[in-house]
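Data block below; observations after.
In the working numbering, the protein residues as written are 1 to 989.
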C-alpha cells in the first residue's frame, strides 16, 4: 500500500511536468513560389504519433515537445521534416515533387508496404490517377492504367461487367478472374449475383481511395488457393484522425449515343436481291417500307450520377466518413436501365493511447435493373427492311410479325422492337458488405500487433421475366412468367499476429505475420417458370442450396538488411470443401528477394539515378473456383429441372426424377508456378520512373469441363486434364515531363507482351485437343480449340482458297494433309482472340486552374471470328423455308456465297485496335465563398477506335450465364459500346 501511494505521488509530480513540457504548435503551410496556402497536408508528430491535417487556409495545430520530429506530407509535394525546438509557431513551405514517391503505401494481403520495400510485382493506383467520366464499376477506373492488366467490358449495356485478366489468365474452365479483396474481405468470384450484371456494382467508384494490383506469386501467395489469377485489393475512403469536417459533392450528367451499326443490305438492295433470287411467290412477300431496324431499337440515352461524402471527427479519437450515391443510367438499347443507390459508413476509433485501433466499414447498395433483350440486336440485323414496324391491327401488341396460318411463324425473325417493348426482365438486388477489424498493439510489447478481422457479404435478390401471351416472342408457349430469388452469404473470420522490429545493432528489420482464415459461402437459389397467366399444370421449378468452406493457415516473413537487401518468404496451407479429404489440402509457398541498388555507395550520391531495384520471385498458387458446383467430387443425385426430364405417371401426369450426377473423386487443385524477375528504376529525383518485368507461369492439373465417357447420364465432366503456359514481359514508364509552379504534365505508358500455349492434355482419349467456342449457325458448331502447341481458344478452321482476284472461292479449301479429301483432318489452329501486345498511354496536364487528360489503349495481334458475316453474310438465309424473308450482312455482296462456310478462315479477321477511352477538360475555382473549391469538367468516353476489323467493334467479349465462360474473339449479337458525353461538377467544402 505504501509503495502504491509513493507511485501515485511520483505520477502526480511527473505528469504535470510532462504536460507542461508540451507545446501547442501553430503554423501555416504554403506552396513554394506561389505562396498559395495548402490544405489537407498531413502533419505527423513522429515521436507521439499524433496526426492532424491543415485546413482550407493551410492552418494547422499540433502538440509537440522539444526534439520531436514533425513531418509534413501531401501528394505531389516533397515531404518536409522539421525538428521542433520549442517554437510557438512553425510555418512551412512545400515544393512540388515527383508524382512517383518511393514511400507511397501499397496495400497488400494482410498488411501494407511501400514501393521501396516491395519485393513482388505490384502496382497501386490512387484516386488522382483513376479514369475519368461516368464509371459505374470499380474496374473501369483501371482500364489501360496497369501493365499486364487487361480489362474488357462485356459490351455497352448499362451496369455491365468486364472480363478482367492479369497476365493473360491461367485457366480455361475454372475462373480466370483475379481475386477481389475489398477492405480486407475477399469476394466470391465463382458465382453471379442473381439480377446483377456485375458482382462489383455494389461498390460506388466515388468511395474508392486506392486499388492495388498484385501480379506475381510472391505478392499473391498469401491468398493461396485463390491467387493464381492475381489479386486486386480495393481500399475505400475513411475518416482520418485530426482532419476537420469536410464535405464533398460530385454530380455528373451524361448522354450516350451509338457509334456505328452492322452493315446490312438497305431496303432497295434487299429488294434487288429478292427479285433476282426469288420466285414470284417469294417476291410477293416484300413490303413497301424502308425500315432501318437498328435505328428502331437504339436510342440516345441519358445518365445521372450523384455522390455525397462527409468526413470528420465525432470525438478526438473517432474519425468517420459517410457517403451516399445515386446512379441512373439508360441503355442505348431501348428499355434497358440501371439504377443504383449506395450508402457507406466508416468509423476508425482508437483507444488505450492508440494501442487499440478499430476499423469499422459497412456499405450497402440497392440495385434495380431492367435488362433489354439483347436478342433484339440479332433480329434487327436479320429483319426484312421492307416491312413496317407496326401492323394494321392490335394483334401481337400492334407490331408487325411474320405469320403462318394466322399465328407467328416459329422459324422466322421476330420484330426486334416488339421483343424489347413487350418483355419485362426486371431485377432487384439488395446487398451489404462490411467488416470490423481490431488491431491491438500489445501493451509492453508494442512491436507485436494482434489483428482480428470479421467480415460479411450478404445479398438478397429477386427478379421477374414477363412476356405477354399476346407477344409473338412466346406466343406458342402462352407467354412467360418467370420468378427467381437468390440469397448469398459470405462470412469471414481472420486472426493474425504481426511482429515488426528494427534491430539497429545488426542493421536489420524483421516483419513477421502468421495467421488463420476461415471463410464460408452459402447460396439459396429458387426459380419457377410459368406461362404468362400461370395456368401451366407442371411449371418448371428449380431449387438449390449449397455451402462451401475455405480454411487457411498462412505466414510471411519480410527481412531487410541495411535498407538495401530484402527477402520475403510466404507460406499458406489451404483446405477447400470442393475436394475430397484425400485432395482437399494444398501448400502454396513463395520466395522473393530484392536489392536496392540505388542505396549502394557507388550510386547513393548520384544526381541521375534516384531509384534502382532488382527483384526476383518464385511461388506456387492455387485455383479451386469451379463456378456453382460445390461438390464435384461427391456421388450425388440431381432432380429434374424441366418437364422434358420428367417421368410420365398416368395420363398427363409427369413427376420429376432423380438421376445420378457424374463426379470425379480424384479432382484436385489447379496449381500455378510463377517465376518473375523485375527491375524498378527512377531518374532525376524520380521525375522519370518505370519498371520492367519478365514472367513465366505454368498451370498444371487444369480444371476443365470435357466430354464425359459413356455410358453416362451426363454429357460432360469436370476434371484435371492438362497444362498451360503464359510467359511475357511488362514495361511501365512514367514521368513528370514538365513540373513548374503553373504547369505540370505527367505522362504514363505501359506495354505488355504475353504468349500463351497449351502444353499438354490428359484424359482426352487419342486426341491432343478438343473444340469449344460455340457459334450462331448450324447445330453444335464450335470454331475454337484447346490444342497442344497452340494458344488456348485458337480458331479451328479450314484454310480458304482464293481466286486470282483475291476473292474467296465457295467451298474451296487447302488439303493440308494431301489425302485428296477435305475433312476434319484439314482443320488447323489459326490465330486467337488473345492479343500479343496490349498498350496503354495516359496523360494529365494542369495549367494554373485548368486540367486536361486522356487515356488510350491499343491491342495488337488479336483476331476475331466474324460470326455475323459467317452466319448471315451469305444468300443462304435470304429466303426462309416456310414463307418469310431475312436480311443479309453486306459481306454477301463481296463473296457472293450462296451457302454458309462456317469453318473458313476467311472469317478470322485481324482485330487489332487503338481506342481512346476518355478525354477530359476541367477548371477549378479555388476558395469560392472562402473555403470551397469547385471543379467543372467535361468528358468524352469511347472517343474513337482505329481498326481494320470489318465488324461492329474489334474488342469482343461474349458472356453467358456462367461467369467463368467469357469468350474472346467470337463476334455475334454484340451490344455496341456507346460514346458518352458527360458534364460534371465536384465541390469540396
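Positions of the beta carbon are idealized from the N, C-alpha and C atoms, including for glycine.
Query, Result
"Going residue by residue through the stretch 207–290, where are the continuous beta strand (DSSP E) segments of at least 3 residues, counting only ones entirely within it?", "208–214, 231–236 and 246–257"
"Is residue 721 helix, strand or coil when you go by DSSP?", "coil"
"Sorted by chain position, which residues of the same chain lie with C-beta nearer than 6 Å to residue 1057's C-beta, five sequence neighbours on each side aside?", "The structure shown does not extend to residue 1057, since the chain is modelled only from 1 through 989, so no value can be given for it."
"Out of 745, 490, 666 and 138, which has the shortest C-alpha to C-alpha gap to residue 127?", "138"
"For residue 140, collect the residues of the same chain with a Cβ closer than 6 Å to its Cβ; drop the 5 residues on either side in sequence, then sort them by chain order.", "none"
"Find the nearest neighbour of residue 109 within the set 69, 625 and 231, judged by alpha-carbon distance.", "231"
"So residue 547 and residue 630 are supposed to be a Cβ contact under 8 Å. How far apart are they, rounded?", "7 Å"
"I'd like to check one pair, residue 56 with residue 931: are the Cβ atoms closer than 8 Å?", "yes"
"Helix, strand or coil: how does DSSP classify residue 660 here?", "strand"
"Near residue 1008, what residues of its chain come up, given a Cβ to Cβ distance below 6 Å and the 5 sequence neighbours on each side ignored?", "The question about residue 1008 has no answer here: the residues shown for the chain are numbered 1 through 989."
"Note down the Cα distance separating residue 393 from residue 418, rounded to an integer number of angstroms.", "14 Å"
"Should the stretch 380–388 be regarded as contacting the stretch 258–266, the criterion being three or more beta carbon pairs within less than 8 Å?", "yes"
"For residue 716, does the count of other Cβ atoms within 10 angstroms reach 16, so buried, or fall short, so exposed?", "exposed"
"Quick check on residue 111: does DSSP put it in helix, strand or coil?", "strand"
"For residue 810 and residue 971, I'd like the C-alpha separation in whole angstroms.", "22 Å"
"Tell me which residues share the same chain as residue 598 and place their Cβ nearer than 6 Å to its Cβ, disregarding the 5 neighbours each side in the sequence.", "609, 611 and 612"
"Using only the alpha-carbon positions, how far apart do residue 882 and residue 805 sit?", "37 Å"
"Span of the beta strand (DSSP E) holding residue 529?", "508–530"
"Could you tell me which of 880, 915, 871 and 917 sits nearest to residue 897, measuring between CA atoms?", "871"
"In this structure, what does DSSP give as the bridge partners for residue 837?", "753 and 860"
"Please classify residue 506: is it buried, with 16 or more other beta-carbons within 10 angstroms of its beta-carbon, or exposed?", "exposed"
"Quick one: Cα of residue 807 to Cα of residue 696, how far?", "42 Å"
"Applying the 10 Å Cβ sphere with the 16-neighbour rule, what's the burial state of residue 988?", "buried"
"If we count the other Cβ atoms within 10 Å of its Cβ and call it buried at 16 or more, is residue 847 buried or exposed?", "exposed"
"Tell me the DSSP secondary structure of residue 630 in three-state form.", "coil"
"Are residue 243 and residue 312 closer than 8 Å when you measure CB to CB?", "yes"
"Distance check for residue 794 and residue 911, CA to CA, integer angstroms please.", "14 Å"
"Looking only at C-alpha atoms, which of 780, 725, 621 and 734 sits nearest to residue 217?", "621"
"Residue 50: which of 25, 29, 31 and 30 sits nearest, CA to CA?", "25"
"When you compare the CB positions of residue 679 and residue 626, do they come within less than 8 Å of one another, or not?", "no"
"Considering only the beta carbon of each residue, do residue 661 and residue 637 sit closer than 8 Å?", "yes"
"Residue 423 by DSSP, collapsed to three states: which one?", "strand"
"In the DSSP assignment, what are the bridge partners of residue 589?", "571"
"Closer than 8 Å is the cut-off here; do at least three beta carbon pairs connect the stretch 831–843 with the stretch 334–352?", "no"
"Return helix, strand or coil for residue 975, following the three-state DSSP convention.", "coil"
"Go ahead and pull the three-state DSSP assignment for residue 533.", "coil"
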